[in-house]
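S.K.: Below are the structure tokens for one structure; questions will follow.
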Amino acid sequence: MATIDGRPAQYGLTLKQLRELMELRGREGVNKLNGYGGVQEVCKKLYTSPSEGLSGSVADIQHRRDTFGSNMIPPKPPKTFLTLVWEALQDVTLIILEIAALVSLGLSFYHPADEDSEPGTEDDEAKYGWIEGLAILISVIVVVLVTAFNDYSKERQFRGLQNRIEGEHKFSVIRQGEVKQISVSDIVVGDICQIKYGDLLPADGILIQSNDLKVDESSLTGESDHVKKGESFDPMVLSGTHVMEGSGKMLVTAVGVNSQAGIIFTLLGAAVDQQEQEIKKMKKEAKKQRKKKSLSGDETGDITVNSHAVSKQQSVDGENHHTSKSETATSHAENKKEKSVLQAKLTKLAIQIGYAGSTIAVLTVIILVIQFCVTTFYVQNKVWKNTYAGDLVRHLIIGVTVLVVAVPEGLPLAVTLSLAYSVKKMMKDNNLVRHLDACETMGNATAICSDKTGTLTTNRMTVVNSYLCEKLSKSVPSFSEIPSHVGQLLMQAISINSAYTSRIMPSQDPTELPMQVGNKTECALLGFVVALGKSYQTVRDDNPEDTFTRVYTFNSVRKSMSTVIPRQGGGYRLFTKGASEIIMKKCAFIYGRDGNLEKFTRDMQERLVKNVIEPMACDGLRTISIAYRDFVPGKADINQVHIDNEPNWEDEENIVANLTCLGIVGIEDPVRPEVPDAIKKCQKAGITVRMVTGDNVNTARSIALKCGILKPNEDFLILEGKEFNRRIRDSHGEVQQHLLDKVWPKLRVLARSSPTDKYTLVKGIIDSKASANREVVAVTGDGTNDGPALKKADVGFAMGIAGTDVAKEASDIILTDDNFSSIVKAVMWGRNVYDSIAKFLQFQLTVNVVAVIVAFIGACAVQDSPLKAVQMLWVNLIMDTLASLALATEMPTPDLLLRKPYGRTKPLISRTMMKNILGQAIYQLAIIFMLLFVGDKMLDIPSGRGVAAAGGGPTQHFTIIFNTFVMMTLFNEFNARKIHGQRNVFQGIFTNPIFYSIWIGTCLSQVVIIQYGKMAFSTKALTVEQWMWCLFFGIGTLLWGQLVTTIPTRKIPKILSWGRGQPDDIGAINLGDEKFDPDSDKKPRAGQILWIRGLTRLQTQTSNRTLVQNVSVTGRSPSQDYYMPVEPIRETEV
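Taking the UniProt record's numbering, the leading residue of the sequence shown gets 1, the next gets one more, and so forth.
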């Protein structure tokens, strides 16, 4: 018989039996489990121990993976490079260009014998006519390959980021009797997992032990109410569900695709694939029908009915709970689907540029064709020849090329490159970005609502003050100074009434402080026990968790934790700890001097608050009270309760009452040394920082002063949650916006607040019309109940260390070091994204304006564009792909934090930028037209005007124009690096090697094109003197830039600023939506924007692309939540 590590290889339960077991709920599940002998017997059948867990040997783990599967969902395979090439080829403008180039190529080989042609011309055309068509084809292929490569590399980068997020997610399991943190993908059937408040469960399992456990199963069932779980009535817990309250241990019974969420995911994936196939099939049918005749109303109705029938059939096939899962996912994802400010502005700007560019492109073609026809057939009085078709095609190519140059398809590339570059760099600054648009949104942030603990403070907590038996100590007393019976009770209360996952561990480095593992407040209390010279672990060993009678876990409503244990001699003992003012109100007795029991009167309570609790809080200490209560079957002392039967533990209000106070401790959590400076930077940057904490108002005020959120003698509001609600609610208890608008502008500290208070504040600030521009709010959160506030905020930051899985799932960015300073870095990177896009726009629009006007005026004046199609494609490659790469990868500077936020309504192209764009365009156009009309005389070279129309080859005249244009464009790239009127355009240039590498590479490529391009690029080699002239005009853009900078910006009319936009302005245009619409061909807007391919790519990249999707997933990190795997970011079909 085969064995693994000395035990049989055959398990007592099969994969099928475990799957069937996990499909049952409630009493049905309990009965089935009991049929197998209960959870202990199931552990034996799976060769695991409830207390020791698995051995963790490689052979055992691998055998379990082979038998029951691994805890991974196979990702959808990425698109191949060839698929991306094919998708890049679908672009409308490129298709037109390809067809025109092929026609041009074909016509170049067509030479009828009967045509009259000038001697020698036919030979030249026969010899070189094919080169232009081939060169355009090659240029298109280069553009397509570059686009596909960018998409391919971006997809790889984002998948890498996804893997990084997945790798960050660890879970607590017991192996070899020790609690270990392992990656969720390493969890196997038979593992014993410790679950606690805030966890996203990584696998299906059966509860072995639980304390007050409540689970949110809405991600699987759609049921919003929290479900109570317990070993005796409902022990089945499922992957992808959230622990909202309590703690416990579970035996893992199903992982990956075999878990309940995994089964649903598999079915969802099949349903989506089927739906995509049906949609494609229906699109093809609609096209066939449109070819036969235009669709009538009845036909449209038929297609719509069929569409509904398909979706209905899929919902039946998928079963109801699968559909609800899908709907939950969709609605959840839509929460984050509103256009960001940058997207709105870019979309509007792209449409404006596109309309202008297409108009000029059409006019260019019309004028060229009219001029050709008038000159050829009217002035020269010639008859039609078949070779003239080639001339018409050449004019069409020029028009399409103008369109290619005008349409800002490099804009979304710049956005994506800037975001991708920023996201990668932000990781090093401890910001793990989950939603790309959150990165640029942070650049607009005007308010930050920050937690206190761990974010503004170090989260390294220690007890520094104590009040025991009427003795106030400013340091930890010795155990001998405390009356022995009080000391024993205090030690038991702390050791037992805290999560057993919280512990103090010796550091690997003896010079460092011991490590605090688990809840930091509990670690401070455990550290207090250790400082008293006692061992909390000994107490825990004598009182294992499975002997507990009841646990009332900490939550934001209770603000306390209580544990009931069997009492020696019979009865029960309740230990409680929590916020001092809350526990004090529940105390009826207290140990006074020498450990004597005294009644705790109202006067004593007020005196204690005034003389002990408030002074501690004013020193920035968190005060925790510790108390207990005994329930005894026999004769009861004055502070005990007599019982005949087991109390009703559900009646918490009466159970946790009439307590005996053991003492109060003051816990110090120092402010992070870097936080005051970070807050000062935020204030200089025009960002208001507010502290939202659950701590006492005096503690919160003290920390706020130390951080710099408050300054002495400032007239700002510091409110407790109760007072905050009183001010903002009407007589019916409803929140009123006009009342909230009176509070939030001056509010700086909200103490003793609940997660609901935080959500109300965030929503109120976002919805407020009190300020000129809508506030952009960032929020930090770490608890499960912070989810709503994190989702509502423009940017939600979850704590990577202290944050729960639920908080991380609801967030946009995860702070891997829980540090406020990292938020300031996120602001800096966000503003840098804005500036990078603005730099690229400043550069591209200058090229757009010059290239389009030169092509248009050239067509009107000399019946030919001075810039040939291949040359414009090269310029397009420079300004789109290469320039976006160079300008989108600039590093942020501290100067970014010296400006106010851009604001939601401020134009993307400021007056300063428009001054630079128009100023440079005027210079470049003046130089090009000077060279076009008098350059031949000035440089003593033959004129190139009219040569192409006469069938001649490349000329030095037009080569100089092309070369000068490229040189001016390249040197203007330096000017484009500064968008706020700075004079030193070279500042920081050597911090960006990508920029100068691309610039040098482009210059060298231009030299090769000019000297050796010949017919392929319509160029003729230049002399050194001619090169010097080109360089002189190019360098002139730098000098001209200094002159333009001198012009006061205030002289520029406001009407010249472009790119204003709000997310709601163009919400109706959703180019990323690929739902089938049989009437799409009847909608003029769809046709008008078909060619603006940048928009669809922009939406795909920054709106719908979330690195971590929002449907819950089994056994995976927030990033692995059940989602359709990330596809490469690419241009979407319209």
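Glycine included, each C-beta is placed from N, C-alpha and C at the ideal position.
Please read these numbers as outputs of a predicted model, since none were measured by experiment.
1. So CYS587 is in the beta strand (DSSP E); what residue range does that whole segment cover?
2. Between which two residues does the alpha helix (DSSP H) holding LEU82 run?
3. Exposed or buried, LYS808, counting other C-beta atoms within 10 Å across all chains shown (16 or more means buried)?
4. Report the partner residues of CYS661 according to the DSSP bridge assignment.
5. Under 8 Å, do VAL852 and VAL402 count as touching if we go by C-beta distance?
6. Report yes or no: is there a C-beta of chain B within less than 8 Å of the C-beta of PRO566?
7. Assign HIS485 to one of two classes, buried (16 or more other C-beta atoms within 10 Å of its C-beta) or exposed (fewer than that).
8. Would you report the Cα separation of THR455 and ASP669, rounded to the nearest angstrom?
9. Taking all protein chains shown into account, decide if CYS661 is buried (16 or more other Cβ within 10 angstroms of its Cβ) or exposed.
10. Can you say whether TYR1012 is buried or exposed, counting buried as having 16 or more other CB atoms within 10 angstroms of its CB?
11. Specify whether the stretch 199 to 209 and the stretch 228 to 237 touch according to this definition: at least 3 beta carbon pairs, one from each stretch, less than 8 Å apart.
12. Could you give the distance in angstroms between the alpha-carbon of LEU790 and the alpha-carbon of GLU890?
13. Grouping DSSP H, G and I as helix and E and B as strand, with all else coil, what is MET491?
14. Would you kindly report the start and end of the unbroken alpha helix (DSSP H) that includes ARG27?
15. Give every residue of the same chain whose Cβ lies closer than 6 Å to the Cβ of ASP817, excluding the five residues on either side of it in the sequence, and list them in chain order.
16. Can you tell me the Cβ-Cβ gap for THR1002 and VAL146, rounded? I've got them flagged as a contact below 8 Å.
17. CB-CB under 7 Å to GLU720, same chain, minus the five flanking residues each way: which ones, in chain order?
18. So, at 6 Å on beta carbons, what are the nonlocal neighbours of GLY487 in its own chain, with the 5 sequence-adjacent residues on each side left out?
19. One question on the structure: do residue 1204 and VAL735 come within less than 8 Å of each other, judged by their Cβ atoms?
20. DSSP three-state call for PHE797: helix, strand or coil?
21. Does the stretch 553 to 573 come close enough to the stretch 451 to 465 to have 3 or more Cβ pairs within less than 8 Å?
22. By Cβ distance below 6 Å, which residues in the same chain neighbour ALA976 in space, the five residues on each side in sequence not counted?
23. My parser needs the alpha helix (DSSP H) runs of 4 or more residues fully inside the stretch 704 to 748; what are they?
24. Measuring alpha carbon to alpha carbon, tell me which of THR1037, GLN1006, TYR996 ends up nearest LEU918.
25. Between the Cα of PRO483 and those of ILE494, LYS471, SER475, spot the shortest distance and give me the residue it belongs to.
26. Residue range of the alpha helix (DSSP H) that ASP651 falls in?
27. Please look up how many angstroms separate the CB atoms of SER139 and ILE195, rounded, as I've assumed it's under 8 Å.
28. Hey, out of ASN596, LYS585, ARG593, whose CA is closest to GLN605's CA?
29. Which of the three DSSP states, helix, strand or coil, is assigned to GLU245?
30. So the candidates are GLN492, SER183, PHE528, GLU512; which of them puts its Cα closest to the Cα of VAL464?
31. So for TYR11, helix, strand or coil by DSSP?
32. Less than 8 Å between C-beta atoms, sequence neighbours within five positions excluded: which residues of the same chain meet that for GLY663?
33. So what's GLU512 in DSSP terms, helix, strand or just coil?
34. Have a look at VAL39, LEU102, ASP151, GLU23 and flag the residue whose alpha-carbon is nearest the alpha-carbon of TRP86.
35. Across which residues does DSSP place ARG752 in a beta bridge pair?
36. What residues in its chain sit with their C-beta under 7 Å from that of ALA678, if we drop five residues either side in the sequence?
M.R.: In brief:
1. Numbered from 1 along the sequence shown, position 587 holds the residue referred to as residue 587. Counting along the chain, the beta strand (DSSP E) containing CYS587 begins and ends at 587 to 591.
2. Locating residue 82 in the sequence shown gives position 82, counting from the first residue. Run containing LEU82: 81 to 88, per the alpha helix (DSSP H) assignment.
3. Within the sequence shown, the letter at position 808 stands for residue 808. Buried, because 16 or more other Cβ atoms sit within 10 Å of the Cβ of LYS808.
4. Against the sequence shown, residue 661 aligns to sequence position 661. In the DSSP assignment, the residues bridged to CYS661 are ILE590, ALA627.
5. To locate residue 852, count along the sequence shown from 1; it is residue 852. To locate residue 402, count along the sequence shown from 1; it is residue 402. A distance below 8 Å separates the beta carbons of VAL852 and VAL402.
6. The chain labelled as chain B is not found in the depicted structure, where only one protein chain is given.
7. Position 485 of the sequence shown, counted from the start, is the residue given in the question as residue 485. HIS485 should be labelled exposed.
8. On the sequence shown, residue 455 is found 455 positions in, with the first residue counted as 1. On the sequence shown, residue 669 is found 669 positions in, with the first residue counted as 1. Each residue's alpha carbon lies about 11 Å from the other.
9. Mapped onto the sequence shown, residue 661 falls at position 661. By the neighbour-count rule (16 or more Cβ atoms within 10 Å), CYS661 is buried.
10. As a working mapping, residue 1012 is identified with position 1012 in the sequence shown. Here TYR1012 is exposed: its Cβ has fewer than 16 other Cβ atoms, across all protein chains shown, within 10 Å.
11. yes
12. The count along the sequence shown starts at 1 and reaches residue 790 at position 790. The count along the sequence shown starts at 1 and reaches residue 890 at position 890. When rounded, the distance between both Cα atoms is 30 Å.
13. Position 491 of the sequence shown, counted from the first residue, corresponds to residue 491. Three-state result, MET491: helix.
14. As a position in the sequence shown, residue 27 is number 27, starting the count at 1. Residues 26 to 35.
15. Locating residue 817 in the sequence shown gives position 817, where the first residue counts as 1. So the list reads ASN430, once near-sequence residues are dropped.
16. In the sequence shown, counting from the first residue as 1, residue 1002 sits at position 1002. In the sequence shown, counting from the first residue as 1, residue 146 sits at position 146. Wrong, their Cβ atoms sit about 14 Å apart, outside the cutoff.
17. As a working mapping, residue 720 is identified with position 720 in the sequence shown. For GLU720, where only same-chain residues beyond five positions count, the Cβ hits under 7 Å are VAL697, ALA751, ARG752.
18. Taking the sequence shown and counting its residues from 1, the one referred to as residue 487 is at position 487. Closer than 6 Å at the Cβ level, and outside the excluded window around GLY487, lie PHE479.
19. In this structure the chain extends from 1 to 1134, so residue 1204 is not present and cannot be described.
20. Here the question's residue 797 lines up with position 797 in the sequence shown. In this structure, PHE797 counts as strand in the three-state DSSP scheme.
21. no
22. As a working mapping, residue 976 is identified with position 976 in the sequence shown. Result list for ALA976: LYS839, GLN842, PHE843, in chain order.
23. Runs of the alpha helix (DSSP H) inside the stretch 704 to 748: 721 to 728, 737 to 743.
24. Position 918 of the sequence shown, counting from 1, holds the residue named residue 918. Selected option, being the one with the closest Cα: THR1037.
25. The residue labelled residue 483 in the question sits at position 483 within the sequence shown. Out of ILE494, LYS471, SER475, LYS471 has the C-alpha closest to the C-alpha of PRO483.
26. Reading the sequence shown from its first residue, position 651 is the one you call residue 651. Run containing ASP651: none; DSSP gives neither H nor E here.
27. Counted from its first residue, the sequence shown places residue 139 at position 139. Counted from its first residue, the sequence shown places residue 195 at position 195. SER139 to ILE195, Cβ: 59 Å. No contact.
28. Walking along the sequence shown from the start, residue 605 turns up at place 605. Minimum Cα distance to GLN605 is reached at LYS585.
29. One-based indexing of the sequence shown puts residue 245 at position 245. DSSP places GLU245 in strand when its eight states are reduced to three.
30. Walking along the sequence shown from the start, residue 464 turns up at place 464. Cα-wise, what sits closest to VAL464 is PHE528.
31. Walking along the sequence shown from the start, residue 11 turns up at place 11. DSSP places TYR11 in coil when its eight states are reduced to three.
32. Counted from its first residue, the sequence shown places residue 663 at position 663. If we look at GLY663 and ignore the five residues flanking it on each side, its Cβ neighbours are SER466, TYR467, LEU468, CYS469, VAL486, LEU490, TYR591, SER625, ILE626.
33. Mapped onto the sequence shown, residue 512 falls at position 512. Correct three-state label for GLU512: coil.
34. Looking up residue 86 in the sequence shown gives position 86. Of the listed residues, the one whose Cα sits closest to TRP86 is ASP151.
35. As a first step, residue 752 is located in the sequence shown; it is residue number 752 there, counting from the start. ARG752 pairs with nothing; no bridge assigned.
36. For this step, residue 678 is matched to residue 678 along the sequence shown. Cβ within range, chain order: PHE820, SER821, VAL824.
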